[in-house]
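The structure appears right after this line, and notes come after that.
There are 2 protein chains.
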Amino acid sequence: MIVHRTDPYNAEPPPGALVGQVTPLDTFYGRNHGPIPRMDAASWRLRVDGLVDRALQLSMGELERRFPEREVVATLQCAGNRRADLLEFRDIPGQEPWGPGATSTASWSGVGLADVLAEAGLQAEAAHIAFTGTDVSQEADPPQAFGASISAAKATSGEVILAWAMNGQALPVAHGAPLRVVVPGWIGARSVKWIQRVTAQVEPSDNYFQTVYKVLPPEADPAKADPGEGIILGPVALNCGILRPDRGAQLPSGPTEVIGYAFAGEDRTVARVDVSSNGGSTWVQADLDAPESAWTWQHWRTILTLPAGERELIARAWDSTAAVQPESPATVWNPKGYANNSWARLHVTCHP
Amino acid sequence: MIVHRTDPYNAEPPPGALVGQVTPLDTFYGRNHGPIPRMDAASWRLRVDGLVDRALQLSMGELERRFPEREVVATLQCAGNRRADLLEFRDIPGQEPWGPGATSTASWSGVGLADVLAEAGLQAEAAHIAFTGTDVSQEADPPQAFGASISAAKATSGEVILAWAMNGQALPVAHGAPLRVVVPGWIGARSVKWIQRVTAQVEPSDNYFQTVYKVLPPEADPAKADPGEGIILGPVALNCGILRPDRGAQLPSGPTEVIGYAFAGEDRTVARVDVSSNGGSTWVQADLDAPESAWTWQHWRTILTLPAGERELIARAWDSTAAVQPESPATVWNPKGYANNSWARLHVTCHP
Chain L
57 MIVHRTDPYN
67 AEPPPGALVG
77 QVTPLDTFYG
87 RNHGPIPRMD
97 AASWRLRVDG
107 LVDRALQLSM
117 GELERRFPER
127 EVVATLQCAG
137 NRRADLLEFR
147 DIPGQEPWGP
157 GATSTASWSG
167 VGLADVLAEA
177 GLQAEAAHIA
187 FTGTDVSQEA
197 DPPQAFGASI
207 SAAKATSGEV
217 ILAWAMNGQA
227 LPVAHGAPLR
237 VVVPGWIGAR
247 SVKWIQRVTA
257 QVEPSDNYFQ
267 TVYKVLPPEA
277 DPAKADPGEG
287 IILGPVALNC
297 GILRPDRGAQ
307 LPSGPTEVIG
317 YAFAGEDRTV
327 ARVDVSSNGG
337 STWVQADLDA
347 PESAWTWQHW
357 RTILTLPAGE
367 RELIARAWDS
377 TAAVQPESPA
387 TVWNPKGYAN
397 NSWARLHVTC
407 HP
Chain V
57 MIVHRTDPYN
67 AEPPPGALVG
77 QVTPLDTFYG
87 RNHGPIPRMD
97 AASWRLRVDG
107 LVDRALQLSM
117 GELERRFPER
127 EVVATLQCAG
137 NRRADLLEFR
147 DIPGQEPWGP
157 GATSTASWSG
167 VGLADVLAEA
177 GLQAEAAHIA
187 FTGTDVSQEA
197 DPPQAFGASI
207 SAAKATSGEV
217 ILAWAMNGQA
227 LPVAHGAPLR
237 VVVPGWIGAR
247 SVKWIQRVTA
257 QVEPSDNYFQ
267 TVYKVLPPEA
277 DPAKADPGEG
287 IILGPVALNC
297 GILRPDRGAQ
307 LPSGPTEVIG
317 YAFAGEDRTV
327 ARVDVSSNGG
337 STWVQADLDA
347 PESAWTWQHW
357 RTILTLPAGE
367 RELIARAWDS
377 TAAVQPESPA
387 TVWNPKGYAN
397 NSWARLHVTC
407 HP
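Put into structure tokens, the structure is as follows:
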């Protein structure tokens, strides 16, 4: 793993480790804002409250007994994924320089959030469902447990899972045991780990991390920005990454296989991926995998014949509406460095 | 109106006529592939068939009596909107050179397609809902009535209307009377006019116009393209247009109000619009209207202080996922000239 910080632990796999459709548990990226909490699963309870007809307190055993088990294969992607490419345009102090590996895919099993909310009796005025974790972050102002919210429409859509298993194994503590939220198609920060409370409410969560994950205009000062300023992130924007060859690789000239992923959040899929080795003058259409579910990345691959010399490989994805990624990090640069979905670029050197 | 062709009739309003939230009937753009059919509303029937439990034949009176009236305010946008900007990069013979006015907004009233399909008893295998119009197009191969299909998920989502009224008036023949489909958030070509048949089926429509509205890779020959090649268009990609000042306007130097629209199809909204008068070196954030419904464009405006000389005004929109429009027509150019959503650009001259 490429460890960006040890305390709190923040690490991504090397890109080449992400060429599989499903990511092994020990390869899945880790994004934390506080120390990993150790909880006693036996005494742990999930509180469901707020605008519901019946507030609930549920043990793990009750969750297992009272609700059908659901499974979804879903990609999670950190809002800071590919921030490193923004830093080349302009520095962003204090933020992890994520490469293209702050994204991974797993099969998640647990109960459907929609089922739990139906049991509690969600009231009509509940427009947002807030999650509270257990990991207290000193980064927050004031220090507080990590939290987030999603729209009630998304929360009741069926694909949102309260997960206790990952790839058929017990959910590791590092990934949120005993129970975590998985919000397919949305930025990773909404998939709250070590969850202890689900609250139905009129307004979005007022948790520090709900409001901080936003794209501000370039000239804004995050410390002084108006709370209403910026685009609060939810569904993930179309993105792609190059997984092979490695950044800066020394390659023989001739045919080289280029492999990557592309991901279109929420209701969209990836329809096409283009790859160029001449600065975008000409493009080759890559072979594109179908998504394993509506909520996963899609891998792509093609073979380029590279002449000797320095070379920049570029990839760009198109979604099911024929929208394409923007060209330049300069366009999408923002003060916190979120949601970089500009064309993926990577330098290699080919020797004769 | 700017008439691109009289037979079949294809016309868009001058951009400045689109500054209102709702477009007057005689200003709404017209996009046709064949002569406008004149139908006798009294003898007209809507056939609902295919994978349904009960095929229906419905007169206008039966539609009115048997189903609740529904209304939706929705923007329609032609897939060819803003093709003119693509032509500056590379010519596209035989396709209308639409400016930014091949889009308009109206309030549509009629019955919900979901209600009609529920009455017919939609079967589980029905994945697509096909529409057949009455306007026979000689452009099609072979000549045929215009048709299209949408996913069953969209068709049953509640917002799709079979409309007999527009802005509170009887639907004009030019816009599809006696009855037309309105598919909010999708390209205009799926909102079939002069509809006579709704068919539930396993596969998408095999109508010529279902398959021709697609974004092919630049090097493809539309006449020889593999049927599976290209991105079949449905939901509209994020887009924007400048409505004022006029293209090529002669203005006094000093403060100038710039007004435009932005539109994000399907489940997205416009979150921000930037305007530049120095080639994108710096941007001003425009004031952005909230959408009137989840299905409408959003107008924006700002005041720029323009020095004397030639000037290019640029606008770009960001959606609710923080995705931004791509910069250049060169990126999005495609052989049929669809879905141009590159940054809007417009030249003006400011005299001292």
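For the protein sequence lines, the chains are L and V, in the order given.
As numbered in our numbering, residues 57 to 408 make up the first sequence, in order.
As numbered in our numbering, residues 57 to 408 make up the second sequence, in order.
By construction, the Cβ of each residue, glycine as well, lies at the ideal position given by its N, Cα and C atoms.
Rounded separation between residue i and residue j - CA only
i	j	result
S261/V	A395/V	21 angstroms
W399/L	V192/V	43 angstroms
A158/V	D147/V	19 angstroms
T358/V	D343/V	6 angstroms
D105/L	T212/L	15 angstroms
E367/L	N295/V	For clarity, residue 367/L is Arg in the given sequence; the question names Glu instead. Computed Cα separation, rounded: 33 angstroms.
Y269/L	Q225/L	30 angstroms
H407/V	V331/L	45 angstroms
P124/L	W353/L	26 angstroms
D277/L	G310/V	29 angstroms
S333/V	V59/L	43 angstroms
L81/L	P228/L	8 angstroms
V340/V	W374/L	28 angstroms
A176/V	G203/V	20 angstroms
Y317/V	M57/L	46 angstroms
R101/V	E127/V	21 angstroms
E313/L	L360/L	6 angstroms
A281/V	G150/V	17 angstroms
G136/V	A386/V	16 angstroms
G76/V	W356/V	11 angstroms
I370/V	T325/V	20 angstroms
Burial state of residue i (16 or more Cβ within 10 Å)
i	result
T377/L	buried
P301/V	buried
T338/V	exposed
S160/V	buried
Q194/V	exposed
S99/L	exposed
T255/V	buried
P156/V	buried
E259/L	exposed
Q113/L	exposed
H403/L	exposed
E62/L	In the sequence under discussion, the amino acid at residue 62/L is Thr, which differs from the Glu named in the question. The residue is exposed, with fewer than 16 neighbouring Cβ atoms inside 10 Å.
A320/L	buried
E144/L	exposed
Q179/V	exposed
A140/V	buried
Beta-carbon neighbours of residue i, restricted to chain V and to distances below 9 angstroms
i	result
I287/L	A327, R328, W374, D375, S376, T377, A378
For residue i, the residue or residues it bridges with in DSSP
i	result
I58/V	E68/V
C296/V	A318/V
A204/V	F187/V
R126/L	G166/L
W356/V	G316/V, L344/V
E366/L	T405/L
R138/V	DSSP lists no partner for R138/V.
G106/L	A256/L
W242/V	P291/V
Proximal residues of chain V, C-beta to C-beta of residue i below 7 angstroms
i	result
D341/L	The question names Asp, but residue 341/L is Gln in the sequence shown. Correct list: P273.
P382/L	V380, P382, E383
L294/L	A379
Chain L contact residues for residue i, given Cβ-Cβ distances below 8 angstroms
i	result
E322/V	D323, T377
Listed by chain order, chain V residues near residue i by CB distance under 8 angstroms
i	result
G290/L	S376, T377
Within chain L, partners of residue i - CB distance below 9 angstroms
i	result
A245/V	Within chain L, no residue comes near A245/V; the closest Cβ sits about 13 angstroms away, beyond 9 angstroms.
A395/V	T377, A378, A379
7 angstroms Cβ cut-off: residues of chain L touching residue i
i	result
V388/V	V380
Exercise. Could you say if the region 95-108 of chain L and the region 74-86 of chain L meet the contact criterion of at least three C-beta pairs nearer than 8 angstroms?
Key: no
Quiz item: Counting pairs of Cβ atoms below 8 angstroms between the region 280-287 of chain L and the region 304-321 of chain L, do you hit three or more?
Solution: no
Quiz item: Do the region 238-258 of chain V and the region 116-135 of chain V touch if we need at least three Cβ pairs shorter than 8 angstroms?
Solution: yes
Quiz item: Between the region 59-67 of chain L and the region 162-175 of chain L, do three or more beta carbon pairs fall short of 8 angstroms?
Solution: no
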